[in-house]
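Following: one structure in structure tokens, then a few remarks.
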Amino acid sequence: MPAYIVSCNESAKPEEVADAKQHCRDQGGTIKHEYTIIKGFSVEFPEDAVTTLENHPHIKSVENDGVMKIQ
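Be aware that the sequence shown starts at 256, since it is given in my numbering, and climbs by one per residue.
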């Protein structure tokens, strides 16, 4: 499964972040890491269901998790 970095809304309360993580689990995802600097987490999630994350009310952004390179 592909991995994603999920950022929650800055105004999201802890229970709203927990709701977003539970949504990921309910859709077949696995939480891999929770970030402390940003309100967010990394998740392995089915690619065909990623739009459910993008449309979740407490989620601000969803980005592919991976190594980025510049030349």
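Heads up, the beta-carbon is just placed ideally off N, CA and C, and yes, glycines get one too.
Asked: Have a look at T306, K315, I293, T291 and flag the residue whose alpha-carbon is nearest the alpha-carbon of E284.; Found: For the sequence presented, residue 284 should be read as Gly rather than Glu. Of the candidates T306, K315, I293, T291, the one whose C-alpha sits nearest the C-alpha of G284 is T306.
Asked: Where does K287 fall in DSSP's three states?; Found: strand
Asked: Starting from E309, trace the alpha helix (DSSP H) in both directions and tell me its first and last residue.; Found: 305 to 309
Asked: Bridge partners of N319, per DSSP?; Found: Y259
Asked: Under three-state DSSP, which class holds E299?; Found: strand
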